[in-house]
């Protein structure tokens, strides 16, 4: 076959693979939103089958052969130098996925999928019974499976790095440590200063707000921020998420809590940030494996940028608060915009990661990163996790959970064997502020635009500067391409220090 | 391989086929309910891919080999006599589907799918422009494709019978004619009598009723009739339908029209009737190709039984009207239950099939059946359809459309090449009343139960008597098994004659 024909065939396989993945994503979306209760088991079987078929196709011997014939090897994933750059990037992604999958024996894949299912079920029970001991054997099994996986991939001693690479390609634990150590210090210092001045009280935030009106307001937010409802939708689920069912079908979910009106607002904005990314890939990457986010960290940079940097800013509420206050005038009549903005930016060390404020959030992540490293270096065994967890909480956040359900059992990730995932959340904060600085340099009036409810300029800058690359680059390459710098703590730390010294007045 | 192993393998293939079909059904359901506007094309590609994969699996050479090895041939589809009856029925269904598919050359399947797509698009345009001429070449192509299909199946001269067999296995045009001729006479006679007495006026039916309240009432109906919401759901779509996404996931849709409050009620009940059937197959047929309705006609017997025989009866509203009236007291304060029941049973010859009442509905079907036969006998050519349509409308219903959009172009079926489908609607009326008679013989107090809002007995009788067979039997076999008789016009005609002489008082 000629090169063109080889590439064309590979693109056909890839696009069919993507279609199957999108179909599977619909099955999952439906499971979280509309699936009747008794259909859960059948749905799992349908999903398993569909994902199996998709997997078979993208790691078929034919794909291996096509990649080789195009010069793509594990050592030189981008293939023949004579190929167009776009195709070489395409080969790199396909080779990476191929290598990752093909090195895992089918028996291992099957048995780990089964073990993950059991482990997740055990975690749910353990959390609800606050019974960590019952979860220990599953956790140990998840660690051992991840270790084995890294072994198959030929990670040698660098097991944890191999796991990190799944979520944040190219990064190492050492690099993250080099970022998290200074970040930890600056966050703790900031937290101490905040703790030393009068605290913010915002009782109006925990009053009851009609969930129907919250829903209507979230729909209003979609339009306000420029979410294209012809290419996506908002639904309700127990845990907010974003999912891509096609280049023109990106769906987000939120949830409405009567006594926490801002929960739905910020989770809607957060997921919208993810969705803007997924909706923003250029036409040439449409329907291909390059039309995806670069990494979890870069993805999280987008959701957190919109949620926190934009969504929790005074400028943002300058434009939005009048509308919001009018809709909830019964509750907010006496609440000034300034009080509202102070309320939604209240800092308070707490036990639960997903409820944490901007300042403490990354400390929750750093804790998990430290423990993951110890689990994989062998310095910490699963049964000792609660003790270490609680001690580190005390040290980092000055508070300690009374139950494991509020401590080490709070997150689903480890029960699924998703070790190495947590750091992306904090890395997202770092990436986000580096991008934000660059954006503000390129668009000097960004803040004024936000205050006027004008987001097109920001959306377009992100699309034309960031999203345009799809997953063609590694995260570090993308960051350098956009900002001309390496990943760094300063922009994020300085942003927090400035913002919170303003808010708390020190 | 031993027989057990052959059967087991065949069941694995079949259950994976069913899962893929259910996944495809979700994609379709979503397309009709929640899909963002711009994602329509992508969805078509996803669906095409998924259905292609499902199709490949169920007509693979392996399936052909397994069927043969189990003794199933086109002549003896049920296979070796030594096999258990259930397995023999299973083989029969698989052989039928296999033969139907395998005899069509892949090129023919592809090109007809494409032609059907174009034809449907052309029909949409033709209907909206009231331009039958533009649709003629497509219609001719659809007739020719259907003819060719029957030829591949070896139908010989009996082309139309081969098409009928897709929807109503085992029936012939001659048999249908033997039923429709007397039915036509009795319906026309009844219609004339109704026309000779004072008509019913029910202006309250076309007043405005809040769509939100209509929705809430449809949800109430689900519970009232015993629809298990843990195994299904109700959503909204432009055209109401029922779809099966799994043994425990049967979904129905309805639509809410402000100035037609009963439209949503009767379409909800109609689709619920389909859903009861799909939800009622026994455990042993779960997830297999035997866990399906017998035929379109039998399916329609269930939806029409619930919608018309039960849902439009005075007994039904005796139980439900107080609740309904209370919910819409602004509109219905002055409307007695008797007036309401008369209103929803008003008979009036009209142009549009899907808006027809119980008496005229079957006449719309008979007209289509007559024209389809003429199209396939060659007595009528596509371009002459409108003239014949209008003349037959005048003769059968005493009215004539002013436009083809309200006439020959009103239904989608022919544009998809679904010739032979229409008769099932009227056959459903006949089956339905035969089943209903038997049910009332077995449950003498059925009507009283309905008046008390008690439907469990009726649901259970249908489940244990009808649904229990899945698609193990042919329609005629099932009818005989249940009622001990052949398909006949009398029960349906007598039911109408009694009901409408009561309502119109003659």
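Chains as they are written, first to last, in my numbering: chain A, 1 to 506; chain B, 507 to 1012. Heads up, the beta-carbon is just placed ideally off N, CA and C, and yes, glycines get one too.
Helix or strand or just coil, what does DSSP make of residue i?
i	result
residue 205(A)	helix
residue 734(B)	coil
residue 763(B)	coil
residue 239(A)	coil
residue 841(B)	coil
residue 578(B)	coil
residue 599(B)	helix
residue 522(B)	helix
residue 692(B)	helix
residue 132(A)	helix
residue 613(B)	helix
residue 569(B)	helix
residue 1012(B)	coil
residue 486(A)	coil
residue 700(B)	helix
residue 102(A)	helix
residue 38(A)	helix
residue 219(A)	helix
residue 159(A)	helix
residue 659(B)	coil
residue 349(A)	coil
residue 508(B)	coil
residue 81(A)	coil
residue 172(A)	coil
From the DSSP output, which residues share a beta bridge with residue i?
i	result
residue 246(A)	249(A)
residue 233(A)	251(A)
Measure how close the beta-carbons of residue i and residue j come, nearest whole angstrom, since I'm counting them as under 8 angstroms.
i	j	result
residue 965(B)	residue 732(B)	6 angstroms
residue 649(B)	residue 881(B)	6 angstroms
residue 801(B)	residue 981(B)	5 angstroms
residue 784(B)	residue 756(B)	5 angstroms
residue 403(A)	residue 130(A)	5 angstroms
residue 457(A)	residue 448(A)	At roughly 10 angstroms, the Cβ-Cβ gap does not stay under 8 angstroms, so residue 457(A) and residue 448(A) are not in contact.
residue 168(A)	residue 424(A)	5 angstroms
residue 887(B)	residue 693(B)	Actually they are not in contact, since the Cβ atoms of residue 887(B) and residue 693(B) sit about 28 angstroms apart, beyond 8 angstroms.
residue 711(B)	residue 976(B)	The pair is not a contact, with the Cβ atoms about 39 angstroms apart (cut-off 8 angstroms).
residue 385(A)	residue 371(A)	7 angstroms
residue 825(B)	residue 957(B)	5 angstroms
What runs of the alpha helix (DSSP H), each 4 residues or longer, lie entirely inside the segment 431-471 of chain A? Those alpha helix (DSSP H) runs which fall completely within the segment 431-471 of chain A and span 4+ residues are 446-451 and 456-465.
Any residues in the segment 210-233 of chain A with a beta carbon nearer than 9 angstroms to a beta carbon of chain B? Which ones, in chain order? Listed in chain order, the positions of the segment 210-233 of chain A with a beta carbon within less than 9 angstroms of a beta carbon of chain B are 228, 229, 230, 231, 232 and 233.
May I ask you to list, following chain order, the residues of the segment 754-770 of chain B that have a beta carbon less than 7 angstroms from some beta carbon of chain A? Here the close residues are 754 and 755.
Give the list of continuous alpha helix (DSSP H) stretches no shorter than 4 residues that lie fully inside the segment 781-837 of chain B. Whole alpha helix (DSSP H) segments, 4+ residues: 802-810 and 820-833.
Quick one: which residues of the segment 794-812 of chain B get their C-beta closer than 9 angstroms to a C-beta of chain A? List them in chain order. Answer set for the segment 794-812 of chain B: empty.
Going along the chain, which residues of the segment 12-23 of chain A sit with their C-beta nearer than 9 angstroms to a C-beta in chain B? Within the segment 12-23 of chain A, the residues whose Cβ lies closer than 9 angstroms to some Cβ of chain B are 15, 16, 19, 20, 22 and 23, listed in chain order.
Under 9 angstroms (Cβ pairs) to chain B, residues found in the segment 235-248 of chain A: The segment 235-248 of chain A vs chain B, Cβ under 9 angstroms: 235, 245, 246, 247 and 248.
In chain order, what residues of the segment 550-573 of chain B put their CB closer than 7 angstroms to some CB of chain A? Within the segment 550-573 of chain B, the qualifying residues are 551, 552, 555, 556 and 559.
Give the residues from the segment 139-166 of chain A that approach chain B closer than 8 angstroms (Cβ to any Cβ), ordered along the chain. Within the segment 139-166 of chain A, no residue has a Cβ that lies closer than 8 angstroms to any Cβ of chain B.
To test your reading of the DSSP string, which unbroken alpha helix (DSSP H) runs of 4 or more residues are found completely within the segment 865-928 of chain B? For secondary structure counted as the alpha helix (DSSP H) over 4 or more consecutive residues, the segment 865-928 of chain B holds these complete runs in sequence order: 891-903.
When Cβ atoms are compared, which residues of the segment 103-118 of chain A fall closer than 7 angstroms to chain B? Hits within the stretch: zero.
If the cut-off is 9 angstroms on Cβ atoms, which residues from the segment 826-858 of chain B count as contacting chain A, listed in chain order? Cβ contacts with chain A: none found.
Could you list the residues in the segment 893-907 of chain B with a C-beta less than 7 angstroms from some C-beta on chain A, going in chain order? Of all residues in the segment 893-907 of chain B, none has a Cβ within less than 7 angstroms of some Cβ in chain A.
Return the residues of the segment 27-40 of chain A that lie within a Cβ-Cβ distance of less than 8 angstroms from chain B, sorted by chain order. Residues 27, 30, 34, 35, 36, 37, 38 and 39.
Return the residues of the segment 868-894 of chain B that lie within a Cβ-Cβ distance of less than 8 angstroms from chain A, sorted by chain order. Going along the segment 868-894 of chain B in chain order, one finds no residue with a Cβ nearer than 8 angstroms to chain A.
Positions along the segment 977-1009 of chain B whose CB lies within less than 8 angstroms of some CB in chain A: Those would be none; no residue qualifies.
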